[in-house]
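Chains as they are written, first to last, in the working numbering: chain A, 1 to 182; chain B, 1 to 137.
One structure below.
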Amino acid sequence: MYDPWPWYVSGPLMTLVMVTLLLIGKRFGMSSNLRTMCTICGAGKVSDFFRFDWKAQRWNLIVITGIIIGGFIASNFLSSDTSVDLNPEVISDLQSKGFVSAGESYMPEQLFSNDAFTNPKSLLMLIIGGLLVGFGARYAGGCTSGHAISGLSDLQLPSLIAVIGFFIGGLVMIHFIFPLIF
Amino acid sequence: MRSIIYLVIGIFFGIVLFKSEAASWFRIYEMFRFGSFHMYGIIGSAVVLGSISIQLIKRNNINSFYGESITISPKERSVARYLIGGILFGLGWALAGACPGPMFVLLGAGYVPIIVAILSAILGTFLYGVLKEKLPH
Numbered sequence: 001m002y003d004p005w006p007w008y009v010s011g012p013l014m015t016l017v018m019v020t021l022l023l024i025g026k027r028f029g030m031s032s033n034l035r036t037m038c039t040i041c042g043a044g045k046v047s048d049f050f051r052f053d054w055k056a057q058r059w060n061l062i063v064i065t066g067i068i069i070g071g072f073i074a075s076n077f078l079s080s081d082t083s084v085d086l087n088p089e090v091i092s093d094l095q096s097k098g099f100v101s102a103g104e105s106y107m108p109e110q111l112f113s114n115d116a117f118t119n120p121k122s123l124l125m126l127i128i129g130g131l132l133v134g135f136g137a138r139y140a141g142g143c144t145s146g147h148a149i150s151g152l153s154d155l156q157l158p159s160l161i162a163v164i165g166f167f168i169g170g171l172v173m174i175h176f177i178f179p180l181i182f
Numbered sequence: 001m002r003s004i005i006y007l008v009i010g011i012f013f014g015i016v017l018f019k020s021e022a023a024s025w026f027r028i029y030e031m032f033r034f035g036s037f038h039m040y041g042i043i044g045s046a047v048v049l050g051s052i053s054i055q056l057i058k059r060n061n062i063n064s065f066y067g068e069s070i071t072i073s074p075k076e077r078s079v080a081r082y083l084i085g086g087i088l089f090g091l092g093w094a095l096a097g098a099c100p101g102p103m104f105v106l107l108g109a110g111y112v113p114i115i116v117a118i119l120s121a122i123l124g125t126f127l128y129g130v131l132k133e134k135l136p137h
C-alpha cells in the first residue's frame with residue numbers, strides 16, 4: 001500500500017471511478033472543470049461558450065476538490081518513498097538532458113520545486129504546457145479521462161481519433177521538440 | 001449528502017492517480033519513450049474493464065441509483081477537431097507532464113509550481129472559447 005501501486009491495480013480502480021460516476025448519473029471528465037472555472041470568473045461576457053449554468057457542474061468541482069485532498073493524503077500519509085522506478089535507459093537519457101532527479105524523485109526538481117518560479121525555462125514549460133492542455137482539451141472535447149478512458153470504453157470513434165492525436169502530439173514533443181530544447 | 005459522495009470519489013481518484021504514478025511527469029515522459037508498459041497497462045486495463053462495464057450497463061438497461069437511465073451521448077462526428085485538438089493536448093501533456101486530473105493531484109501533493117500550469121490551462125480553455133468560431137471543427 002505504501003509502495004507505488006502496479007498498473008493492474010491502478011487501471012481497474014480508475015474504471016471503478018468511471019463506473020461509480022455513471023451509476024450516480026454523472027460523466028467522467030476532468031477538463032470540463034477548467035471551462036466551469038472560466039465561467040465562474042466571468043468569461044461568459046466574452047464568449048457564448050462560457051454562458052451556461054455553472055451550478056449544474058458544481059458536482060465536478062467537488063470531485064476536483066477531492067482530488068486535491070487525495071493528492072495531499074497520498075503523498076503525505078500513504079507513501080514511504082515517492083521515487084519513481086523508471087526504465088534505466090530513460091533515466092540516463094533524462095540525466096543527460098539535465099533532469100538529474102530522474103529515478104530518485106516523483107517529479108523533476110527543476111520544474112516542480114520552488115526554484116521553478118525563478119527559472120525562465122521551467123516557467124515557460126509549465127505555461128506553454130498548461131496553455132496547450134487547456135486549449136487542446138476543449139478543442140478536442142475532452143482529455144485523458146473523458147476521451148481516453150470514458151470515450152474509448154464506450155467505443156466511440158471520435159475518442160479514438162482524439163487519443164491518436166494525444167499520442168501524435170506527445171511523441172512529437174518528446175522525440176522532436178525535446179532534443180531541440182534540451 | 002450527494003456532495004459527500006462526490007468528495008469521496010474525488011479523494012479516491014486523487015489517491016489512485018498519485019499512487020499509480022500516473023501523476024508523475026517522469027512516467028509520462030517514459031510512456032512517450034515507450035520505456036515501460038506501466039502507463040499502457042493502466043490505460044489499457046481501465047479501458048478493457050470499462051468497455052465490459054458499459055456493455056453490461058447497456059445490455060441490462062441498468063439505471064443510475066437515482067432512477068435515471070444511463071446514456072453516454074455520442075460525440076459529434078468530425079475528424080479535424082479531435083485530431084488537431086488532440087495533437088495540441090498531447091504536446092502540452094508531454095511538456096508539462098500532467099493532464100487536467102493529475103494537475104490537481106500535484107497541487108494537493110505540494111508541488112506548488114503546478115499552479116502555473118493550472119492557471120495556464122484555464123487561460124488556454126478561455127482562449128479556445130474566444131477563438132472557437134474561427135477554428136475548423
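In this text, a Cβ means the ideal position worked out from N, Cα and C, and glycines have one as well.
Since the model is a prediction, treat every value here as computed from it, not as a measurement.
For this session: Output the residue ranges of the alpha helix (DSSP H) runs that lie fully inside the stretch 1-89 of chain B and measure 4 residues or longer, sorted by chain position.
Result: Annotation note: the stretch 1-89 of chain B contains the following uninterrupted alpha helix (DSSP H) runs of length 4 or greater, listed N- to C-terminal: 2-19, 25-32 and 38-59.
Exercise. Does the stretch 66-80 of chain A touch the stretch 7-26 of chain B, meaning 3 or more C-beta pairs lie closer than 8 Å?
Worked result: They touch, by the three-pair rule.
Exercise. How about R33 (chain B): is its C-beta nearer than 8 Å to some C-beta of chain A?
Worked result: With 8 Å as the cut-off, R33 (chain B) counts as an interface residue toward chain A.
For this session: Name the two residues that bound the continuous alpha helix (DSSP H) containing R58 (chain A).
Result: It spans R58 to F77 - the alpha helix (DSSP H) in which R58 (chain A) sits, taken as one unbroken run.
Exercise. Between the stretch 132-144 of chain A and chain B, which residues of the former have a C-beta closer than 9 Å to a C-beta of the latter?
Worked result: L132, V133, G134, F135, G136, A137, R138, Y139, A140, G141, G142, C143 and T144
For this session: Could you work out which residue in B:I115, B:A117, B:A109 and B:S3 is closest to S79 (chain A) when comparing CA atoms only?
Result: The option with the nearest alpha carbon to S79 (chain A) is B:A109.
For this session: Can you have a look at N61 (chain B) and say buried or exposed, based on whether 16 or more other CB atoms are within 10 angstroms of its CB?
Result: exposed
Problem set entry | Neighbour flag for L180 (chain A) against chain B, beta carbons, 8 Å | No, L180 (chain A) does not count as interfacial toward chain B.
Exercise. Using 8 Å as the Cβ pair cut-off and three pairs as the minimum, do the stretch 66-86 of chain B and the stretch 3-19 of chain A touch?
Worked result: no
Exercise. Does R59 (chain B) get closer than 8 Å to chain A when you measure Cβ to Cβ?
Worked result: no
Exercise. In angstroms, rounded to a whole number, what distance separates the CA positions of L111 (chain A) and L123 (chain A)?
Worked result: 8 Å
Exercise. CA-CA distance, D93 (chain A) and A22 (chain B)?
Worked result: 20 Å
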